[in-house]
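Enquirer: Sequential numbering from 1 applies to the sequence shown in full-length UniProt numbering. C-beta atoms are modelled at their ideal positions from N, C-alpha and C, and glycine is treated no differently. Predicted model, so just to flag it, every value in this text is computed and none were measured. I am attaching a structure below and will ask some questions about it afterwards.
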Amino acid sequence: MQKPPQSIDFALKETSPKIGAGAVTGDKLSSTYDLVEQMQYLYVRVVKAKDLPGKDVTGGCDPYVEVKLGNYKGVTKHFEKKNNPEWNQVFAFSKERIQASVLEVYVKDKDVVADDLIGRALFDLNEIPKRIPPDSPLAPQWYRLEDWKGDKAKGELMLAVWMGTQADEAFPEAWHSDAASVGPDAVASIRSKVYLSPKLWYVRVNVIKAQDLVPNDKSRFPEVFVKAMLGNQALRTRISQSKTINPMWNEDLMFVVAEPFEEPLVLSVEDRVGGNKDETLGKCVIPLHIVQRRLDHRPVNSRWLNLEKHVIVDGEKKEIKFASRIHLRICLEGGYHVLDESTHYSSDLRPTAKQLWRPSIGILELGILSAHGLMPMKTKDGRGTTDAYCVAKYGQKWIRTRTIVDNFMPRWNEQYTWEVFDTCTVITVGVFDNGHVHGGAGGARDARIGKVRIRLSTLEADRVYTHSYPLLVLHPSGVKKTGEIQLALRFTCSSLINMLHMYSHPLLPKMHYIHPLSVIQLDVLRHQAMQIVSTRLSRAEPPLRKEVVEYMLDVDLHMWSMRRSKANFFRIMGVLSGLIAVGKWFDQICNWRNPLTTILIRHPPHMDTRLSHADAAHPDELDEEFDTFPTSRPSDIVRMRYDRLRSIAGRVQTVIGDLATQGERFQSLLSWRDPRATTLFVTFCLIAALVLYVTPFQVVALLAGIYILRHPRFRHKLPSTPLNFFRRLPARSDSML
């Protein structure tokens, strides 16, 4: 099926930025900061002062330092009644915007009416030394203060002044002249930062049975179930089939939890005494730090735990201890990878337990250079403005660039590095507008400008890729381009053999195949993991806000979308277009031109209730089927059915997307999109052709039959090497909005 070409405005563009590494050849310079354009800065580190004179009647002073360069002015915090203050603050002035020839540093005394000058130090910009990392930081020196006339004043100031680049260690924490309009309270929210996702575990609670329960109403058979709560997650077992005081369940409940473990696991045994009324028969609290951690599928030891019950006696809460117990197996699963991203865009596939990690296979370097053509995201003083920053996520490491204030063409030129353990992973880079630069209210949100996904398996090793990526966002009115971001990437392989060997490994850790979780379980657990990650990162300082994390993790990817479903359908049609053409040709040949073949199919059609699911239909589903069009049902029922339809359609949409992904993986076998995978496949085909050429067909058929019909003892639950290889092939799901 021929697809119309994409608009040039939405296309990827190759660029040639002035970076240290060659954009095409991949030649490296000695600098380790070679994927970005160098930006020159004048750095001023204000360390401390001593022997400052008293300026008020009490003999004390309230000193602060003002660093001035042309029209730009940075100010330290002030101290009250302190003659030997320490600041240790760094100021960075962009060389591009320097128009003065002298750096002025003033020490002033804060006063109610007008601030008094204590002294100053002047520096000629032509005399300032240049520092290039990895040189050691410049040692600060003491400078005697002067008055307005140039005469010596009382007091000394310790400073370090040097010219450097954004590779300087002082750069992330420095006050920047580009953000001079930002108030002191908001400075922390515009700085660059590195974050780490919390370490996530699956908690498996196998509820086996309870013993010697004491229901309040002994005249009825108890209908008992177990409710488990962990933080804001709540799950429950089914009602036990054995309606006795010794009920059995043998049911698994799965939770997600993050280190450090803040909440205990709370289990309560409940009796369903009425329609919506449950009675607690006992409760136990289990701290997670004492729970056994397992790395494989070997069973953990079961435990009997006493159940406690509280009753109100004379208005006081009293604990009753009795012989009721519950039998459990609880473990922290270290052999699974806790999915907090969509499997299509996963940036990490390692198990939780570090002991099971394979060695890294390389390094990913990302240079975030600049953006241009950004749209105004908010209004300030009657005009549109954008305060843009970038977030990149790969594995457990998140990075956030500094915010460039009030600029539609921001230049970040920041470089970051990640360890790579699997090339079948995706790095995501998002661009956002900072809604808290000018003291945004508590409800202010960081608006999304757009994001880019890049699959590592499509990158050649040791080559530098420099492209300008369109930033696209979907609005109710359609897709909109909000600008472009310029990135530089390099994947450096440390072990070619290990990297090629990865193509034979399962995509996920072994436990996902030995003890697989259901699709519904994975969806629920993924949602819980996303909530935990977004909550933890939003508590950092400066916070990586919840709306940012959810956008980066595609938290709403599995919601129903007619547009996405159509896209997945046409992906399948594109994959199957060749087969469809062959099928039409075959249909023309076989359209009742061979009567003997037609006579062989003699079974008359009949209604199959199982096939139609008519024998298991819920009454509400039948009521919906016989409803009029348009509906005549009340709005609450229609709303419930609509939500149910969205839920089902979301799963159908996911299945269609998965089918399209499998087909596109077939196409990518020979498309060289993943050059290593195509090389392996072509090499295999050549070897297979040679083997088939020299081996009789009967021998090949015999060996294939023996292998396919081999005894279960010689089979294992892990996927085969060809299947592992196929699952690692790239698909076009990375390009989906």
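Throw me the rounded Cβ distance for the Ile-454 and Val-431 pair, which I believe falls under 8 Å.
Expert: Your pair Ile-454 and Val-431 does not check out as a contact, with CB atoms roughly 14 Å apart and the cut at 8 Å.
Enquirer: What are the residues that DSSP puts in a beta bridge with His-372?
Expert: In the DSSP output, where bridge partners are listed per residue, His-372 has Glu-484.
Enquirer: Trp-162 bridges to which residues according to DSSP?
Expert: Trp-162 is bridged to Tyr-43.
Enquirer: Report all residues from its chain with a CB closer than 6 Å to the CB of Leu-474; omit the five preceding and five following residues, and keep chain order.
Expert: Cβ within range, chain order: Leu-737.
Enquirer: So, are the CB atoms of Phe-93 and Ser-177 less than 8 Å apart?
Expert: In contact: Phe-93 and Ser-177 (Cβ atoms closer than 8 Å).
Enquirer: If we require 3 or more residues per run, which beta strand (DSSP E) segments fall completely within the region 62-96?
Expert: 63-69, 72-75, 86-94
Enquirer: Could you name the residues of the same chain whose beta carbon sits closer than 7 Å to that of Phe-10, not counting the 5 residues immediately before and after it, in chain order?
Expert: If we look at Phe-10 and ignore the five residues flanking it on each side, its Cβ neighbours are Pro-470, Leu-472, Lys-481.
Enquirer: Based on the DSSP secondary-structure assignment, which residues constitute the bridge partners of Asp-271?
Expert: Answer by DSSP bridge pairing, in chain order: Val-224, Glu-279.
Enquirer: Quick check: Lys-68 and Glu-104, are their CB atoms within less than 8 Å of each other?
Expert: Contact flag set, yes.
Enquirer: Per DSSP, Ser-468 is paired with what?
Expert: According to DSSP, which records beta bridges pairwise, Ser-468 is partnered with Lys-13, Gln-486.
Enquirer: Alpha carbon to alpha carbon, how far is His-78 from Leu-295?
Expert: 55 Å
Enquirer: State buried or exposed for Thr-628, treating a residue as buried only when at least 16 other CB atoms are found within 10 Å of its CB.
Expert: It counts as exposed.
Enquirer: Tell me which same chain residues have a C-beta within less than 7 Å of the C-beta of Arg-526, skipping the five on either side of it?
Expert: Leu-339, Asp-340
Enquirer: Might you give, ordered along the chain, the residues of its own chain that have their beta carbon closer than 8 Å to the beta carbon of Leu-500, omitting 5 neighbours on each side?
Expert: Arg-676, Leu-680
Enquirer: Among Glu-279, Gly-362, Pro-172, Glu-263, which one has its Cα closest to the Cα of Phe-91?
Expert: Pro-172
Enquirer: In the DSSP assignment, what residue or residues form a beta bridge with His-327?
Expert: Lys-209, Trp-304
Enquirer: Could you tell me if Thr-165 is buried or exposed, where buried requires 16 or more neighbouring beta carbons within 10 angstroms of its beta carbon?
Expert: buried
Enquirer: For Asp-115, I'd like the list of residues in its chain whose CB is within less than 7 Å of its CB, leaving aside the five on either flank, ordered along the chain.
Expert: Lys-108, Asp-109
Enquirer: Which residue marks the beginning of the beta strand (DSSP E) containing Gln-292, and which one marks its end?
Expert: 292-294
Enquirer: For Leu-235 versus Leu-253, is the C-beta spacing smaller than 8 Å?
Expert: yes
Enquirer: Express the C-alpha separation of Trp-249 and Lys-209 in angstroms, rounding to a whole number.
Expert: 6 Å
Enquirer: Helix, strand or coil for His-501? Go by DSSP, reduced to three states.
Expert: helix
Enquirer: Using 8 Å as the threshold, is the C-beta distance between Pro-85 and Ala-121 below it?
Expert: no
Enquirer: Shortest alpha-carbon distance to Leu-456 belongs to which of Cys-424, Leu-307, His-436?
Expert: Cys-424
Enquirer: Check whether the Cβ atoms of Ile-98 and Val-437 sit closer than 8 Å, and answer yes or no.
Expert: No, they are not a contact pair.
Enquirer: Is the separation between the beta-carbon of Pro-129 and that of Glu-169 shorter than 8 Å?
Expert: For Pro-129 and Glu-169, no; Cβs fall outside 8 Å.
Enquirer: Is Gly-459 near Leu-489, with beta carbons less than 8 Å apart?
Expert: Residue identity check: residue 459 is Leu in the sequence provided, not Gly. Contact check for Leu-459 against Leu-489 passes: the beta carbons are separated by less than 8 Å.
Enquirer: Helix, strand or coil: which one does DSSP assign to Ile-361?
Expert: coil
Enquirer: Is it buried or exposed for Val-575, if we count other Cβ within 10 angstroms and need 16 for buried?
Expert: buried
Enquirer: Excluding the 5 residues preceding and the 5 following His-558 in the sequence, name in chain order all residues of the same chain whose CB lies nearer than 7 Å to its CB.
Expert: Asp-523, Gly-650, Thr-654
Enquirer: Please state the DSSP three-state secondary structure of Asn-216.
Expert: coil
Enquirer: Can you give me the C-alpha to C-alpha distance between Ala-353 and Asp-734, rounded to a whole angstrom?
Expert: 28 Å
Enquirer: Express the C-alpha separation of Ser-370 and Lys-18 in angstroms, rounding to a whole number.
Expert: 12 Å
Enquirer: CA-CA distance, Asn-568 and Pro-696?
Expert: 43 Å
Enquirer: With distances taken Cα to Cα, identify the nearest neighbour of Lys-81 among Tyr-64, Gln-89, Met-573, Arg-732.
Expert: Tyr-64
Enquirer: Tell me the DSSP bridge mates of Ile-404?
Expert: Ala-388
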